[in-house]
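In the numbering used here, the protein residues as written are 4 to 494. For reference, the structure is listed below as structure tokens.
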């Protein structure tokens, strides 16, 4: 929907219609899910949302919920459908406007609609689903397949048809419109107050700071904390870019020794995240006290951070995967009020906003970097020596990916220092040294990712350079795990 330039939000399916109505939605989409509508405790939707007179699109389980609540019948299918199927469109136009009469789609269901609800008609069928799509005259549509996956080639056009033709939305949600709306919102929230923002070196904090600066100018002060967990030459590059392109008040604090001391002996990745977050807050608040009366804190929180970090705030059924350093509010006692202008954006949208704001391309197109920095890519204990090894290996990975012209084609490319040592042979002698893993993935929004099919000669050059140029490494491995089942970071 965002790609169709229509704004949307993800909310729990159990949200009462009275609460949804306050948002004045032009339409609703009910997502798929693994449950059966008849199971005890199966996710439900407020039936009033289906009778509110606005268009609704039910996908897979969402379609079955519509049938269940509006008088149809859902039952286990004798012949289930998992994987590719061919949809026969029986009523063109509307949801299927401009598309062929037979469409490849992706199915993933064991139940199906056995009997249509009153007032509904079939729009399409497949080999194992006599009713693979249905609709009524009020704009309620159900589809048994998944249009949101790449395995349904025309899925994006179907969603575009739903939001533009069925719901009547206008494709006006652009980077420019987002900036103007956000600037007004920040000005209204801050008034005459002062704001502090932490620069991390990544695109998220840079875009957030630039957006807030456009709104309130000199009322913003940025703080760049060197936590000793950054990539090679990171502090110098960040300060050069931000000072060179933006007239901002930026304070620099070198707290690397403090972070390394706090991380000493910690190997659990979640404990590392929490430790880095705690020390950062302490350092940041100390810096803030030197600035006088600061009321607001600006952060570069993104939508995937929110979804992955909490099972109850934005998406009730989303499992907590890991704690993100800038999600979940502020620690008790911290006096700031939060400003999160990017909270409902995905990374590709943040890049578009950054470009619209005039940030340099090398900043806008930088690959994502975790908030806790190299602490979670340094598996096992975090020491200055191990971080130096990791920094050098990571530099080589990115350098070779750039030389091969792949930097913009992949989502992330980085090295991981494992806690393993293996036997090797170097200079006719036995070695027992570190194993470095290389992780390169492709993705659109970081919610899912696939391992990048990098040419063998590029991987070979990365491995050869790491073993030859980085002291203490004698083996390099390449991670070919997708997300899911893995995550992008190793931790």
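Virtual Cβ for every residue (Gly too), placed ideally from N, Cα, C. Here the structure is a predicted model, which means the values were calculated and not measured.
Item	Value
Along the chain, where does the beta strand (DSSP E) that runs through residue 436 open and close?	432 to 445
When you compare the region 428 to 435 with the region 387 to 403, are there three or more beta-carbon pairs, one atom per stretch, that lie closer than 8 angstroms?	no
By the 10 Å Cβ neighbour count, where 16 or more other Cβ atoms means buried, how is residue 428 classified, buried or exposed?	exposed
Hey, out of 158, 386, 193 and 35, whose CA is closest to residue 2's CA?	Past the edges of the chain, shown from 4 to 494, lies residue 2, and the structure says nothing about it.
Would you decide whether residue 275 is buried or exposed? Buried here means 16 or more other CB atoms lie within 10 Å of its CB.	buried
Taking the alpha carbon of residue 269 as the reference point, which residue from 384, 23 and 7 has its own alpha carbon closest?	384
Skipping 5 residues on each side, what residues in its chain have a beta carbon closer than 8 angstroms to that of residue 57?	28, 29, 30, 31, 142 and 170
Once the 5 residues before and after residue 60 are set aside, which same chain residues still bring their CB inside 6 angstroms of it?	32, 144 and 165
Determine whether the beta carbon atoms of residue 211 and residue 53 lie at a separation below 7 angstroms.	no
For residue 478, which three-state DSSP category applies?	strand
Return helix, strand or coil for residue 8, following the three-state DSSP convention.	coil
Buried or exposed for residue 330, going by 16 or more other Cβ atoms inside 10 Å?	A caution first: residue 330 carries a pLDDT of 47, below 50, which makes its placement in the model too unreliable to give a value.
Please specify which runs of the beta strand (DSSP E), each continuous and at least 3 residues long, are wholly inside the region 70 to 109, giving them in chain order.	76 to 92
Look up residue 341 in the DSSP assignment and give the residues it is bridged to.	300
Tell me, which residues are paired with residue 417 by DSSP?	442
State the CB to CB distance for the pair residue 40 and residue 23, rounded to an integer number of angstroms; the pair is presumed to be in contact (CB under 8 angstroms).	Not quite, the Cβ-Cβ distance comes to about 20 angstroms (not below 8 angstroms), so this is no contact.
Threshold first: 4 residues or longer. Then list the alpha helix (DSSP H) segments lying entirely within the region 13 to 60, N to C.	20 to 24
Looking only at DSSP bridge pairs, what is residue 145 linked to?	61 and 137
Could you tell me whether the region 175 to 186 touches the region 354 to 361, where touching means 3 or more Cβ pairs closer than 8 angstroms?	yes
Between which residues of its own chain and residue 150 is the CB-CB distance below 6 angstroms, once the five residues before and five after are set aside?	158, 161 and 162
Taking the alpha carbon of residue 257 as the reference point, which residue from 134, 392, 287 and 471 has its own alpha carbon closest?	287
Give me the Cα-Cα distance between residue 105 and residue 348, rounded to the nearest whole angstrom.	35 angstroms
In terms of alpha-carbon separation, which member of 243, 177 and 217 lies closest to residue 204?	243
In the DSSP assignment, find the unbroken alpha helix (DSSP H) run with residue 211 in it and report its ends.	206 to 219
Return the chain-ordered list of same chain residues with a C-beta closer than 7 angstroms to the C-beta of residue 11, the five sequence neighbours on each side being excluded.	4 and 5
Would you give the residue range spanned by the alpha helix (DSSP H) that residue 278 belongs to?	272 to 292
Using CA coordinates, which residue listed in 194, 389 and 295 is at the minimum distance from residue 342?	194
Please determine whether the Cβ atom of residue 217 lies at a distance below 6 angstroms from any heavy atom of the ligand FMN.	Here there are no bound small molecules, and the ligand FMN is not part of this structure.
Tell me, which residues are paired with residue 125 by DSSP?	137
What separation, rounded to the nearest whole angstrom, lies between the Cα atoms of residue 279 and residue 186?	31 angstroms
Given that a residue counts as buried once 16 or more other Cβ atoms are within 10 Å of its Cβ, and exposed if not, what is residue 474?	exposed
How about residue 380 and residue 425: do their beta carbons lie closer than 7 angstroms?	no
Residue 20: which of 51, 264, 148 and 283 sits nearest, CA to CA?	51
Based on DSSP bridge pairs, tell me the residues matched to residue 255.	227
Excluding sequence positions up to five away, which residues of its chain have a Cβ less than 6 angstroms from the Cβ of residue 453?	445 and 485
Hey, residue 493 and residue 440 are a contact pair by Cβ (cut 8 angstroms); roughly how many whole angstroms apart?	7 angstroms
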